[in-house]
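Numbers 1 to 357, taken from the UniProt record's numbering, label the letters of the sequence shown in order. Worksheet: the structure to be examined is printed underneath.
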Amino acid sequence: MAADSSRSSPVIRAGFFIGILVLSVIVGTVAIGGGAQSAPDVSQVNAPSFNSGESVATPAGESGDLSMSADASEKVVVIDVAHAGDIDREALTPLVSTLTENGATVRYHVGERQSGSPFNESLRSADALVVLGAEQRYTESELNGLSAFSDAGGRVLLLNEPSQASPVGFGLFGPIRSDSVTKPMAPLASQYGFSYGNGYLYNMHEYDTNYQNVYATPTGDTELTEGVDRAVFYAAIPVQGGDTALTTTEQTTLSKTRRQDTYGVVSRSGNVVTVGDTSVFTQEFLYRADNEQLVGNLLDFLVTGEKSPADAPQTAESGESGPGGSLPGTGMGGGTVPSEPDSTPAPEPNETMMPDE
C-alpha cells in the first residue's frame, strides 16, 4: 500500500501543477481582454464613443430648420467644383435649395475642361463664390481675379477639411483620407491672411457621440454667430488669421501635435469667411446643435455683399494674357485687358443653373 501511495504522489503533484498552469492561462486571457477596453488611439479614425472617467459624450440635439433672414433676390452664387475633388452634389442640396427658395441663382463653375466658362468670367456675373476644399491649383490669373472680386465687394466662402485618404468621413468630398491640408487651398487662403493647421481636431473629454465630433462656441456676438450657442464639427482643421468667430471647446487636441487647446474653426476677414470643415453643410450634421443657424448665417453672409463694379474682375484669363496683362490696381504689367462680353443669358431669379454655360 505504501508503495502504491509513493507511486501516485508524483502523478498528483503533476496534475496539481497542470491545473495551476491552466488557471493562470485563463486568468491572463481575461486580463488581456479587459485591457483592450482602453481609450481608442487617435489613428482609429472612426472609433466610437468610449467609457472613461474623464470623457463625457453629450450628443447634440437635432432640431430646427435651415432658413435665411436676408433677401437673396437677384443674387448669383457660384459654387466652384472645377478645382475641387469628387464632391457629393447631393450633399449640397440643403444649401442650394435654401438659396434658391430665397431668390438667389446658384451656378456650378465646372471649368473649361467640361465646356464651361473660364473662372474669372464666372466671377464677373457672380455676387458670391463658394470654394470647396480645392484640390486643383488656382492659376496666378485666377488668384488675382478672385482678389479683385472680393475687393469689389464680392463675397467668398472657403470651406476646407483634411485631404482625403481614410475609409471614413462625412464631408462634402466623401471619405476623409488623411490629416494633411489640401495644398491648393494654402495660397488661396493666404492672400486673405488665413492659414490652416495640419491635422484634424478631436476631443476626448467632451464630444458629440464620437471624439472627432468636436464642439465649438462663439468668441463674441457677430453676424456669423447670431443665434449660435454651440456648433458641432467633424474632424475639422484649425483656422488661423482674420477675426475668429468660433473656437473649439477646451481640451481639444490637434492630431499632428497632440497639443490640447482651443482652436479657431470659423474666421472672417472682410468679404471672406473660411470654415475648417465641410460636414456642417451635410444632412448628417446640419441639424445638430445650432449648425443650421450657423449655416443660415453663412448663407446670409454670401448674399449681403454689394459688388462694384458689378462685372468685376475685369482681367484676362490664364493663357490669354502675356506679361502686359494686369488687374486694375495691382500695379503689375502694362495695362488692363478688357473683359470679354458675358455670353451667359440672364437667368430668372430663382433659376438654378448646374454648370456655367
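Every residue, glycine too, gets a C-beta built ideally from N, C-alpha and C. The model shown is predicted, which means the values in this text are computed figures rather than measured ones.
(1) So what's A128 in DSSP terms, helix, strand or just coil?
(2) Between D290 and the rest of its own chain, which residues show a CB-CB distance below 7 Å, the 5 nearest in sequence each way excluded?
(3) Residue range of the beta strand (DSSP E) that Q260 falls in?
(4) For H109, which of L299, F233 and L129 has the nearest alpha-carbon?
(5) May I ask which residues mark the beginning and end of the alpha helix (DSSP H) holding F301?
(6) Roughly how far, in whole angstroms, is the beta-carbon of L99 from the beta-carbon of V272, given that I think they are within contact range, below 8 Å?
(7) For the alpha helix (DSSP H) containing L146, list its first residue and its last residue.
(8) Taking only three categories from DSSP, how would you classify A279?
(9) First and last residue of the alpha helix (DSSP H) that includes T93?
(10) Is DSSP giving N120 helix, strand or coil here?
(11) Check each candidate in N203, Y200 and G133 and name the one with the smallest Cα separation from A189.
(12) Would you mind sorting G220 into buried or exposed? The rule is 16 or more other CB atoms within 10 Å of its CB.
(13) Whose CA, out of V303, E161 and T262, lies closest to the CA of T217?
(14) Checking contacts by CB at 7 Å: is E90 closer than that to chain C?
(15) Compute the beta-carbon to beta-carbon distance between residue 365 and Y196, rounded to the nearest angstrom, for a pair I have assumed lies under 8 Å.
(16) So S269 is in the beta strand (DSSP E); what residue range does that whole segment cover?
(17) By a C-beta neighbour count over all protein chains shown, 10 Å radius and 16 as the cutoff for buried, is S69 buried or exposed?
Taking the geometry as given:
(1) In the structure shown, A128 sits in a strand (DSSP, three-state: E or B).
(2) G227, V228, D229, R230 and A231
(3) R259 to D261
(4) Comparing Cα-Cα distances from H109 to each of L299, F233 and L129, the minimum goes to L129.
(5) N291 to V303
(6) Actually they are not in contact, since the Cβ atoms of L99 and V272 sit about 18 Å apart, beyond 8 Å.
(7) E140 to D151 is the extent of the alpha helix (DSSP H) around L146.
(8) Looking at the sequence itself, residue 279 is Ser, so the reference to Ala does not match. Note: S279 maps to helix in three-state DSSP.
(9) T93 to E101
(10) helix
(11) G133
(12) exposed
(13) When each option's Cα is compared against that of T217, the closest is T262.
(14) Note that chain C does not occur in the displayed structure, where there is just one protein chain.
(15) Outside the modelled stretch of the chain, which goes from 1 to 357, sits residue 365, for which no answer is possible.
(16) G264 to S269
(17) Answer is exposed; the Cβ neighbour count stays below 16.
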